[in-house]
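Start counting the sequence shown at 16; every next residue gets the next number (our numbering).
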Amino acid sequence: MTVEPTHVDVLVVGGGPTALLLTSLLVRSGHKILAVEQYDKLRQGLYGRACLLYAGSLEILDLIGVYERVADIGFIIKGATTYKDGAHSHTRGWSFVENALAESDTVFKHSLSLRQKHLENALREAIEEVDDTAVRSPVKLVHYRTVDSPQYPIIATIQDRGDTREVRCKYLIGADGGRSIVRKLGNFHFLGTASPHKWVRLDAIVKTNMPSSRSHNIAIESKTHGNVVWCPTDSGRTRIGFVHTHQGHKITESSIMAAAKEAVHPFTLEFVKLDWWTVYEIGQRIADTFRKGPVFLAGDAAHTHSSGAAQGMNAGIHDALNLGWKLAGVLNGLYHEEILDTFTLERLKCAERVMELDKDIASLVSGEIPEHFNAPPNADAYEYLDRLHSTNALFTTGLNISYEPNWINQPSKSLAATVEIGHRAPDGPLFRLGRTTAQQLRTLVRYTGRFWILVFSGKLEAVDGAILLNPGCAERYRTLRAEIDSPPSFFHSRPASWDFLTIISGQGVLPASETIGALPLGKALYDFSGEVFAAYGVDENMGAIVVVRPDGIVSFKTTLDGPGGEELGSYFGSLASHHASAWLAAEARKHSYEGYEFDVEGEEASGYIFKSSRDVPPSPNNDLRF
Ligand SMILES: Cc1cc2nc3c(=O)[nH]c(=O)nc-3n(C[C@H](O)[C@H](O)[C@H](O)COP(=O)(O)OP(=O)(O)OC[C@H]3O[C@@H](n4cnc5c(N)ncnc54)[C@H](O)[C@@H]3O)c2cc1C
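Written as structure tokens, this is what we have:
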């Protein structure tokens with residue numbers, strides 16, 4: 016018999032991609048996590064909703080070990096085709112994705128078209144392997160209140176099948192979608208705009224004479240139904256999306272299929288099986304903050320927008336990762352609780368950018384050029400859409416999501432490395448001693464909930480007939496090691512929230528400790544071509560230390576020497592201290608949410624109004640010079 020929990024560390028409301036990804040990270044921390052989903056999703060036959068995972072999201076799924084669970088289900092999309100009047104081109108439309116991928120060092124040179132339900136199933140399986148009681152459905156949150164209790168400040172009321180009961184928690188996360196009850200009960204403002212446009216989305220098995228229909232992401236520049244989306248997806252299905260033009264008419268399955276045939280003109284379209292369809296209103300809405308004390312909002316609960324740039328599920332994934340490692344670290348006593356404020360700071364700015372972009376994208380997809388573009392008469396809306404997509408391609412695909420300097424992303428005056436703080440950590444090929452096959456750096460710094468300290472040790476050279484780390488770098492490496500190993504070092508006085516990886520430029524021959532003249536910090540990897548040193552902007556004659564957050568963002572850099580080791584200690588010390596308060600308060604004052612037209616509360620606040628179906632072994636003497 017399952018004993019129903021009365022006290023949990025975190026109560027996550029929702030069973031969508033955001034809630035499940037967050038839960039999958041939190042359960043690994045060993046704390047008591049409960050995620051409640053109001054519907055029995057396993058029985059819910061709906062396969063629609065979000066269906067496109069960009070490379071940035073695939074990197075996250077890979078980082079947390081979930082990508083393999085969906086890799087064989089999803090449809091790999093590499094190409095893009097645009098049709099206008101039946102003629103094809105490889106420009107405009109979705110070509111911005113390919114261009115962004117070509118520009119990036121990501122190993123995911125594709126998008127994965129996968130309906131939301133499959134990702135949810137994969138995440139649920141990953142959670143069950145750690146804690147098979149963490150996700151409960153159908154269980155609905157109906158109310159919560161905060162009480163003056165330092166330990167469990169929230170009392171939530173949930174309906175669990177026929178019973179109504181209370182669960183107390185330390186933190187409550189509303190990942191409960193666009194109509195979030197957590198947001199409403201918490202009196203978060205949900206600010207935004209509505210647009211006059213309605214869009215149709217459907218999933219079906221179809222037959223068509225359209226070339227590339229089962230290989231590329233296709234945009235059809237229709238004269239009547241806006242910029243039509245044609246996206247092959249899993250299980251032989253195709254996602255088709257277009258502007259709903261039959262306003263005022265009764266919407267039925269047949270009317271949707273008829274409209275789809277018109278939208279893909281001049282190509283033929285025959286429906287073999289229609290799985291799912293929806294007609295929804297376009298709006299862009301965002302909460303004024305993503306945190307109020309112990310209550311958080313993430314994913315669609317925090318921001319809703321159109322699916323014009325397929326950002327819904329992708330943005331939720333980035334939210335979940337950003338909050339997940341921070342909250343797990345706070346629960347584990349690694350960081351000061353105020354680190355949680357950086358969730359709003361970081362993710363809200365990204366959501367604001369998505370909102371601003373989406374307003375324009377939604378208009379342009381619908382064939383209208385926003386006034387502020389000052390376009391000449393008869394200008395081509397789709398040309399403007401292409402320019403907007405192209406300018407923002409790396410952001411949209413999640414490969415250039417960056418966060419401003421803050422308590423975690425600490426700007427440095429050190430010239431040790433030119434890699435940018437607050438940006439995605441670059442990738443590149445590295446080799447273990449003796450191996451001829453490379454491993455990508457990003458696969459070596461998988462998610463553990465801890466930071467990665469990358470020790471760029473410098474380059475190898477011939478010294479007295481042996482291939483060794485050049486003498487200057489070797490000396491600095493040894494002073495760093497001595498600093499770290501010294502008994503008063505921060506590294507011996509705090510619970511570790513970090514792992515080390517040593518990166519050496521060149522091809523090693525001797526064991527790493529002989530090559531360096533000291534025990535390596537973490538595993539030693541070799542950068543044969545110097546590509547990784549170059550990507551991080553590290554001088555091979557000097558070396559450097561670069562710190563990467565658990566979510567793959569560069570957060571700190573310093574010199575490869577004893578003082579660098581001290582700075583590392585100060586950095587990790589600051590994450591566990593109160594020092595951030597003043598900085599955060601100043602940031603909060605700077606932040607404003609002006610520019611939104613009105614405050615929307617209530618049911619209509621949803622963007623979708625739908626009709627349808629973590630080693631350093633202490634060593635007294637690590638100086639291993641031979
Ligand atoms: C009808 C519809 C169509 C969409 N179509 C597209 C599309 O074509 N393309 C695209 O990119 N995106 C689309 N989206 C958006 C996309 O689905 C979301 O952006 C994405 O799912 C966000 O994930 P999430 O986990 O934040 O929220 P959701 O996926 O919405 O998950 C929230 C979950 O919380 C549960 N929940 C809500 N209230 C409670 C409660 N009180 N107690 C317990 N559980 C609760 C809900 O049942 C739901 O499962 C669509 C959304 C909707 C609603």
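The beta-carbon is built from N, C-alpha and C at its ideal position, and this holds for glycine as well. Quick caveat: nothing in here was measured; it's all calculated off a predicted structure.
When rounded, the separation of the alpha-carbon atoms in residue 234 and residue 141 is 35 Å. With distances taken between CA atoms, residue 76 lies nearest to 332 out of 332, 104, 205.
Beta-carbon to beta-carbon, residue 249 and residue 402 are separated by about 31 Å, too far to satisfy the 8 Å threshold.
For residue 197 against residue 343, the beta-carbon gap comes to about 20 Å, at or over 8 Å, which does not count as contact. As a beta-bridge residue in DSSP terms, residue 233 pairs with 96, 245. The distance from the Cβ of residue 137 to that of residue 29 is about 16 Å, inconsistent with a contact at the 8 Å cut-off. Bridge pairing for residue 142: absent [DSSP].
Spanning the alpha carbons of residue 31 and residue 314 requires a straight line of approximately 9 Å.
Comparing C-alpha distances from residue 406 to each of 115, 81, 210 shows the shortest one belongs to 115. Taking the Cβ atoms as the reference, residue 474 lies roughly 11 Å from residue 544, outside the contact range of under 8 Å. For residue 52, the CB falls within less than 7 Å of some heavy atom of ligand 1. Listed as beta-bridge partners of residue 178 by DSSP are 175.
At a cut-off of 3 residues, the continuous stretches assigned as beta strand (DSSP E) that sit fully inside the region 435-500 are 466-478, 481-484. Contact between the region 118-127 and the region 143-154 is not established, with fewer than three Cβ pairs separated by less than 8 Å. For residue 323, same chain residues with a beta-carbon under 7 Å away, outside a window of 5 residues either side, are 373, 376, 377, 380 in chain order. Taking 7 Å as the cut-off, the C-beta of residue 322 counts as close to a heavy atom of ligand 1. Our two residues, residue 419 and residue 272, have alpha carbons roughly 46 Å apart in a direct line. Residue side-chain check: residue 234 keeps its Cβ at 7 Å or more from all non-hydrogen atoms of ligand 1.
Not one heavy atom of ligand 1 lies closer than 7 Å to the C-beta of residue 98. DSSP places residue 197 in the uninterrupted alpha helix (DSSP H) bounded by 196-200. The continuous alpha helix (DSSP H) containing residue 340 extends over residues 327-346. The Cβ-Cβ distance between residue 574 and residue 591 does not fall below 8 Å. Distances taken from the Cβ of residue 47 to the heavy atoms of ligand 1 include none shorter than 7 Å. Nearest neighbour of residue 286 by Cα position, chosen from 100, 503, 254, 35, turns out to be 254. Assigned with DSSP and collapsed to three states, residue 397 falls in helix. Taking the CA atoms as reference points, residue 404 sits about 26 Å from residue 82. In this structure, residue 412 places its C-beta atom within 8 Å of the C-beta atom of residue 112. Secondary structure note for residue 587: its alpha helix (DSSP H) is the uninterrupted segment 577-590. Annotation: residue 511 to residue 107 spans about 48 Å, alpha carbon to alpha carbon. In terms of side-chain proximity, the C-beta atom of residue 156 is found nearer than 7 Å to a non-hydrogen atom of ligand 1. Taking residue 349 as reference, the option from 79, 382, 44, 539 with the minimal CA-CA separation is 44. Within a 10 Å sphere around the beta-carbon of residue 212 sit 16 or more other beta-carbons, which makes this residue buried. Taking a contact as a CB-CB distance under 8 Å, the pair residue 517 and residue 523 does not count as one, their CB atoms being some 11 Å apart.
Beta-bridge pairing by DSSP links residue 302 to 205. Rounded to the nearest angstrom, the gap between the Cα atoms of residue 242 and residue 446 is 46 Å. Relative to ligand 1, the nearest heavy atom lies less than 7 Å away from the CB of residue 66.
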